[in-house]
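Chains as they are written, first to last, in my numbering: chain D, 2 to 358; chain B, 2 to 358; chain G, 48 to 373; chain R, 48 to 373.
Cβ coordinates follow ideal geometry from the N, Cα and C atoms, glycine included.
Worksheet: the structure to be examined is printed underneath.
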Amino acid sequence: MQGTDFNIETVEFLDPSGKLKRPLPDALGGRDKLIHLYRIMVLTRVFDRAAINLQRTGALGTYPSNEGQEAIGAGVGLAMQDTDVLVPYYRDVATQIQRGTLLEEILVYWGGDERGMCFSNQAEDFPVSVPIATQCCHATGIAYAMKYRRQNRAVVTTCGDGATSKGDFYESINIAGAMKLPVVFVVNNNRWAISVPLEKQTAAKTIAQKAFAVGIDGIRVDGNDAIAVYQVVSEALEHARGQHRPSIVEALSYRLCDHTTADDASRYRDQKELDQARELEPLIRFKAYLQSEHQWSETEDEALYVDCDSQVKKAIDAYKATPDQQPGEFFNYMFAKPTANLEKQKKEYFAEVKRHG
Amino acid sequence: MQGTDFNIETVEFLDPSGKLKRPLPDALGGRDKLIHLYRIMVLTRVFDRAAINLQRTGALGTYPSNEGQEAIGAGVGLAMQDTDVLVPYYRDVATQIQRGTLLEEILVYWGGDERGMCFSNQAEDFPVSVPIATQCCHATGIAYAMKYRRQNRAVVTTCGDGATSKGDFYESINIAGAMKLPVVFVVNNNRWAISVPLEKQTAAKTIAQKAFAVGIDGIRVDGNDAIAVYQVVSEALEHARGQHRPSIVEALSYRLCDHTTADDASRYRDQKELDQARELEPLIRFKAYLQSEHQWSETEDEALYVDCDSQVKKAIDAYKATPDQQPGEFFNYMFAKPTANLEKQKKEYFAEVKRHG
Amino acid sequence: MAEWTLLEAVKQAFAWELGADENVVVLGEDVGVNGGVFRATDGLQETFGAERVVDTPLAESVIVGMAIGMAAQGLKPIVELQFMGFIYPAVDQIINHAARLRNRTRGRITCPMVIRAPFGGGIHAPEHHSESTEALFAHMPGLRVVIPSSPARAYGLLLAAIRDPDPVVFLEPKRVYRLGKQEVEDNGAALPLDSCFVLRDGIDVTLVSWGASIKETLEAAGKLSQIGVDAEVIDVATISPLDIETILDSVSRTGRCVIVHEAARSFGVGAEIAAQLAGEGITSLLAPVKRVTGFDTVMPLYRYEDQYMPGVNRIIDAVKESMEYR
Amino acid sequence: MAEWTLLEAVKQAFAWELGADENVVVLGEDVGVNGGVFRATDGLQETFGAERVVDTPLAESVIVGMAIGMAAQGLKPIVELQFMGFIYPAVDQIINHAARLRNRTRGRITCPMVIRAPFGGGIHAPEHHSESTEALFAHMPGLRVVIPSSPARAYGLLLAAIRDPDPVVFLEPKRVYRLGKQEVEDNGAALPLDSCFVLRDGIDVTLVSWGASIKETLEAAGKLSQIGVDAEVIDVATISPLDIETILDSVSRTGRCVIVHEAARSFGVGAEIAAQLAGEGITSLLAPVKRVTGFDTVMPLYRYEDQYMPGVNRIIDAVKESMEYR
Ligand SMILES: Cc1ncc(C[n+]2csc(CCOP(=O)(O)OP(=O)(O)O)c2C)c(N)n1
Ligand SMILES: Cc1ncc(C[n+]2csc(CCOP(=O)(O)OP(=O)(O)O)c2C)c(N)n1
Ligand SMILES: [Mg+2]
Ligand SMILES: [Mg+2]
């Protein structure tokens with residue numbers, strides 16, 4: 002049997018023009034839920050632009066934008082229950098803000114400060130993971146603990162398309178299948194891993210089909226469609242919680258931005274491809290849908306942007322007002338109780354600070 | 002789509018009673034080729050028993066038996082061309098002896114001596130790999146070199162069912178697919194990884210379907226049927242050489258032996274399962290086939306065993322007659338030219354030998 | 048009091064803590080029905096169930112990575128890696144996550160877990176079954192590295208490791224797994240994870256070692272006493288954080304130090320001890336610090352491994368040289 | 048003569064050897080069209096083609112493992128790992144195979160390859176982008192570990208590394224990648240892989256360092272000379288095998304030694320140097336060997352990384368302490 006002998010459909014609700022192709026999922030009935038989804042995307046977009054500006058002016062370190070991928074996090078975050086756990090990667094602002102992570106915390110982290118991962122409103126979600134795909138492994142352990150304790154909870158872990166080439170991704174989906182763990186692997190297939198296009202990453206036609214290697218479910222969804230993402234991840238989470246049936250959700254998107262602020266995608270990527278992708282992006286179609294089906298007005302839209310702007314500004318203020326760490330704070334969190342060795346080195350450090358400021 | 006929605010057939014030629022279900026492949030026409038296949042299996046079986054005996058009497062270290070899995074190596078070895086390269090694991094005696102590796106070299110290695118991997122008749126094949134699945138990576142690099150040099154060659158690498166859970170296996174099949182490398186991954190699915198049965202290893206119904214995760218071909222073959230293995234691997238190698246089309250060949254077998262001489266499978270394995278598996282083993286059916294279709298007589302069979310016995314005895318003699326390594330020989334192969342540091346340590350070592358013998 | 052080998056002591060520590068704390072979970076390849084390839088978990092699955100003594104697929108990276116996730120949820124996973132030579136696929140998870148999770152989240156998420164691996168040569172095992180690369184983990188901030196050398200210390204240190212709120216790499220000297228029994232009280236008492244153990248008092252020279260090499264070091268000390276050299280023997284036990292005070296104190300009395308370890312010499316754990324002697328300890332030194340160690344080569348396959356391992360003779364020679372130094 | 052930054056020197060060494068030897072192949076994530084995230088391979092794919100400058104999938108273990116297979120076939124692969132923090136998934140392949148293949152096969156199959164990674168902190172990069180774990184690889188028998196600290200040495204040492212018949216871990220101090228240019232002759236001449244470089248002669252104290260820390264070490268030496276302390280500065284360059292003779296020789300003249308490195312102190316490369324001074328070098332020592340290093344903590348995220356890095360002041364203070372020691 003050849004690797005091309007089967008086809009996986011892509012679940013779609015909203016088409017690029019904002020038309021609904023299938024009945025709205027019950028859970029999204031009512032204007033508020035839909036506006037919530039839209040708001041998350043707009044907030045993420047606005048936050049993203051602000052973060053990039055902060056980076057450009059030297060007020061933030063390297064930052065990985067979410068542009069074009071807001072629908073994934075919007076849908077995932079809404080689909081998750083409070084008691085679920087998120088194990089994110091670095092392009093998950095839209096999910097994280099629905100989980101209680103504060104915008105200023107995200108800024109603090111990319112501003113080069115560990116305190117940004119000490120979420121004040123979220124005890125269990127993991128910090129974003131930089132070493133690619135390693136977080137998938139952690140998700141399986143969290144899921145194991147939930148199952149061990151007979152809890153009706155599940156884990157969502159996320160990664161990029163490039164991450165699916167790594168051993169850790171595979172070992173994680175395999176153990177999740179073998180042990181029937183309540184975990185959903187959401188892959189943001191934005192078609193690029195820095196400069197490497199998906200075609201060089203794998204010969205698999207879809208990421209979803211990687212599920213078959215380990216006997217779990219593989220689902221493809223239009224990642225520019227927040228409704229579809231919500232629906233697919235909701236179902237996946239139900240299967241995970243109720244039946245301990247893990248799955249991969251491949252969300253098709255496109256990285257409209259550079260990889261990070263340290264990257265220049267024009268070095269390796271066609272403008273035409275980018276332009277085409279831009280037409281499919283998630284905010285435009287969602288707005289069009291709200292306008293045509295839910296009486297969303299330009300005034301409301303503008304007000305929303307203004308509101309998000311001011312929320313982001315407040316976050317930036319809070320970020321900038323964050324007091325400095327205590328000197329030598331980095332000694333304090335290596336162990337529950339500092340070792341004698343670290344106490345000694347800390348003294349050394351303070352002696353130096355005293356001598357030279 | 003669910004992980005169970007498709008079925009991969011198992012290629013079979015010889016059924017367990019020794020009846021041919023499909024026409025013999027052309028390349029195996031003629032009694033000699035068939036007897037060659039049978040001889041390899043018998044030789045491997047005889048060698049195996051002798052090796053286990055050597056281990057029991059303290060003349061050999063821990064040894065991993067090939068019992069019940071001889072047909073895989075018999076078929077793979079015959080399917081390979083001289084110019085191909087083998088990257089084996091530790092259960093590949095039947096393949097290795099067709100590649101020019103000497104029985105005594107195999108003994109020397111398991112006897113705790115690196116010289117056993119310095120094959121005197123085989124320059125390019127890799128030594129057996131103990132760290133599970135790591136060898137799959139090496140195979141991709143060899144295949145890359147062949148393709149880079151426009152050579153009409155291919156690589157076979159082998160591993161067990163347990164190995165397919167490891168990241169290295171997956172990263173290797175994925176890169177082979179993405180780069181279209183001339184490599185065949187042969188998996189000896191003997192259903193156990195030490196004490197862990199396949200069901201605990203993965204939820205995938207077959208190992209072959211792991212190919213779909215990376216867009217390459219996945220083929221299942223009866224690993225107790227040397228003819229089927231030969232045919233499937235021959236075709237896979239042709240695709241690899243000619244079209245740079247990599248594949249996974251899952252060979253269904255059973256580990257009739259303990260994992261190694263250090264293992265006691267009765268601790269974790271049902272006698273009934275073992276008994277059933279024994280009825281499917283490769284030598285019995287091949288002999289029956291030769292008897293019914295190729296006038297193979299008991300006399301010939303006995304003569305063959307006698308002949309293999311004497312070949313193995315010679316190998317054991319050669320093994321036992323292997324002169325000791327020079328003292329401190331282990332210093333000599335760390336670098337092309339020993340470093341000053343190693344020269345110094347070697348002197349230290351010799352000074353000690355001189356003092357204390 | 049029970050009489051146990053080191054291996055039995057390991058198992059008994061497991062049994063105690065599995066019984067005492069339902070958050071403790073053991074996982075690894077073949078740890079369940081088979082009881083581990085060395086039988087360190089023999090019978091535990093039967094007693095505590097397959098959810099608490101868990102056979103995993105063959106995949107070291109996710110085994111450790113999974114344990115990290117478990118630990119974050121308040122379980123106390125104990126991972127068995129079958130041999131130290133197979134710890135490397137998990138190094139990324141150990142260094143980049145287990146050792147850092149507390150710091151990365153400023154204490155919000157922690158990682159109480161034990162990563163066990165049998166280590167060292169000398170049991171006539173196949174390739175890749177004889178490594179001693181404790182130095183790799185000792186160098187990594189955020190990890191504890193613990194190595195018992197007797198049944199009692201195995202029991203007490205393993206209990207301490209399981210209860211420790213941070214990740215511990217626990218390396219078991221398999222060469223002495225079954226070498227001799229010792230009376231150990233099965234009372235669930237832990238030993239400290241920040242102290243060396245002085246196994247023998249002496250005034251002439253300080254011998255510092257750990258793991259299986261303690262055996263040869265004690266033997267050498269015994270022989271040396273017959274020729275009038277009175278050696279103090281220190282078992283480092285917790286390699287990291289290193290209890291350098293006990294060593295400095297001893298050398299301040301003896302003036303001489305010989306370090307014995309099986310790992311390759313260069314950049315090994317012995318180097319750190321010698322470096323501290325060259326630093327703070329320098330005024331104590333009456334002779335060059337000696338290191339009796341494995342060579343900077345791969346451990347030879349088993350037939351020739353004895354050529355590699357630091358034996359009693361090499362220790363005695365080094366001590367003699369040290370004593371003769373003026 | 049061309050004026051190059053260290054980064055340009057790396058690229059030019061590539062260009063030279065890709066031009067000279069068609070067995071040389073460069074592979075890694077983003078090394079092709081993008082020219083590497085630091086642009087060390089900028090333009091090389093255009094010149095030498097996509098078969099020789101190869102973009103790989105995101106999978107460090109198979110990247111190195113693939114290079115091992117290539118090397119066995121007589122290619123000379125140069126692997127780029129994007130940052131040292133991402134070398135760990137490949138540690139298994141490096142330790143268990145690359146470093147051992149020659150020995151395992153008694154010289155039948157060899158492994159001429161270079162594993163490059165930018166390393167060290169100080170560029171305000173995200174988490175996991177600032178590590179200095181050279182000690183891990185230095186401890187591994189069968190590997191060379193090489194660290195250039197100037198454009199000329201980057202050029203000459205990288206050429207030597209590519210031509211070496213055995214595996215070399217080549218760590219590039221990214222903090223000084225673009226810091227200043229140096230005239231380098233683009234003549235394909237390699238530098239030796241077994242020698243320290245004495246960057247400054249001096250009689251009072253020996254400063255030993257490598258990588259980016261050479262910058263602060265030289266600065267400190269300059270300032271010290273203004274207060275009458277004449278420091279010799281040694282760039283170790285090849286960490287393993289360590290050219291200890293040059294260091295011992297220097298300390299035999301100065302009597303004092305301060306070692307500077309960015310990595311965590313305990314069990315770091317500095318420990319081996321200090322240990323050798325505590326051994327063979329002990330008679331030379333007039334003062335305790337000092338180590339000015341990173342602390343035994345994770346490198347803080349970028350806003351606070353300066354608190355961690357050994358700066359000029361710390362070096363000067365250590366030298367002063369050493370000079371004052373009687
Ligand atoms: C193990 C590891 N290798 C390399 C990197 C450097 N790196 C950071 S992001 C990235 C590409 C990731 O691509 P993908 O998984 O598709 O996620 P995306 O950034 O596109 O969302 C790489 C190579 C890393 N962080 N970790
Ligand atoms: C990385 C690694 N982990 C663990 C081991 C110990 N070990 C040796 S063989 C084996 C089981 C392998 O099973 P499988 O791949 O099915 O091959 P089989 O032995 O059944 O032929 C294990 C766990 C190892 N050699 N390497
Ligand atoms: Mg991507
Ligand atoms: Mg098996």
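Host beta strand (DSSP E) of VAL84(R) (start-end): From DSSP, VAL84(R) is part of no beta strand (DSSP E); its letter is neither H nor E.
Cutoff 9 angstroms: PHE359(D) Cβ touching any chain B Cβ: With chain D running from 2 to 358 in the structure shown, residue 359(D) is simply not present.
C-beta neighbour in chain R for LYS270(G), strict 9 angstroms: no
For LEU199(B), the three-state DSSP class (helix, strand or coil): The answer is helix: DSSP assigns LEU199(B) an H, G or I state.
ARG191(G) - partner residues in DSSP beta bridges: VAL215(G)
Segment limits, alpha helix (DSSP H) that includes TRP63(R): 53-67
Local Cβ density within 10 Å of LYS262(R), reported as buried at 16 or more and exposed below that: buried
ALA278(D) CB to nearest heavy atom of ligand 3 below 8 angstroms: no
Under 8 angstroms by beta carbon: chain R residues contacting LYS337(G): What LYS337(G) touches in chain R: GLY326.
Of the listed residues LEU199(D), LEU257(D), TRP297(D), nearest to GLU280(D) (C-alpha basis): LEU257(D)
Own chain residues within Cβ distance below 6 angstroms of ILE306(G), not counting five before or after: VAL255, GLY317, ILE320, ARG338
Runs of beta strand (DSSP E) wholly within the segment 97-162 of chain R (minimum 3 residues, chain order): 100-102, 123-127
Cβ distance (whole Å) where PRO183(D) is taken to contact VAL156(D) below 8 angstroms: 7 angstroms
The alpha helix (DSSP H) enclosing LEU246(R), as first and last residue numbers: Run containing LEU246(R): none in the alpha helix (DSSP H); it sits in the beta strand (DSSP E), 244-247.
Nearest neighbour of SER272(G), chosen from VAL252(G), LEU295(G), LEU183(G), THR285(G) [CA to CA]: VAL252(G)
Neighbour flag for ASN342(B) against chain G, beta carbons, 9 angstroms: yes
Neighbour list for GLU172(D) in chain B, Cβ cutoff strictly below 9 angstroms: SER166, LYS167, GLY168, TYR171
Backbone CA spacing between GLU105(D) and SER66(D) [nearest angstrom]: 15 angstroms
Between the CA atoms of GLY117(B) and ILE107(B) - distance to the nearest angstrom: 6 angstroms
Neighbouring residues, chain G, relative to ASN119(D) (Cβ below 8 angstroms): The identity of residue 119(D) in the sequence shown is Cys, whereas the question assumes Asn. In chain order: THR152, ARG153, GLY154, ARG155.
Residues that GLY189(G) contacts on chain D, provided the C-beta gap is smaller than 7 angstroms: MET335
Interfacial residues, the segment 139-151 of chain G to chain D, with Cβ spacing under 7 angstroms: Contact residues of the segment 139-151 of chain G toward chain D are ASP139, GLN140, ASN143, HIS144, ARG149, ASN150, ARG151 (C-beta to C-beta distance below 7 angstroms).
Residue-level contact to chain B via CB, ALA237(D), 9 angstroms cutoff: no
Distance CB(CYS119(B))-CB(ARG155(R)) smaller than 9 angstroms: In contact: CYS119(B) and ARG155(R) (Cβ atoms closer than 9 angstroms).
Cβ-based neighbour list, MET160(G), same chain, cut-off 6 angstroms, excluding 5 preceding and 5 following: ALA114, ALA118, PRO124, PRO214
C-beta neighbour in chain R for ALA352(B), strict 9 angstroms: no
C-beta neighbour in chain G for THR58(D), strict 9 angstroms: no
PRO132(D) CB to nearest heavy atom of ligand 1 below 8 angstroms: yes
Proximal residues, the segment 83-99 of chain R versus chain C, C-beta separation under 7 angstroms: Looking at the structure shown, chain C is missing, and the protein chains on hand are D, B, G and R.
Rounded separation between GLY330(D) and MET147(D) - CA only: According to the sequence provided, residue 330(D) is Glu. The question's Gly does not apply to it. If I take the Cα positions, the gap works out to 33 angstroms.
Within chain B, the residues that ASN175(D) reaches when beta carbons sit closer than 7 angstroms: Listed along chain B, the residues sitting closer than 7 angstroms to ASN175(D) by beta-carbon distance are SER166, THR203.
Limits of the alpha helix (DSSP H) - the one that VAL109(B) falls within: 104-111
The segment 230-242 of chain R touching the segment 50-64 of chain R, judged by at least three CB pairs closer than 8 angstroms: yes
Identity of the residue in ASP68(R), GLU107(R), VAL126(R) nearest VAL78(R) by Cα: Looking at the Cα atoms, VAL126(R) is the closest of the given residues.
First through last residue of the alpha helix (DSSP H) which encompasses GLU71(D): 71-80
Where GLU128(D) meets chain G, residues with beta-carbon distance less than 7 angstroms: In the sequence under discussion, the amino acid at residue 128(D) is Pro, which differs from the Glu named in the question. The contacting residues are ARG151, THR152.
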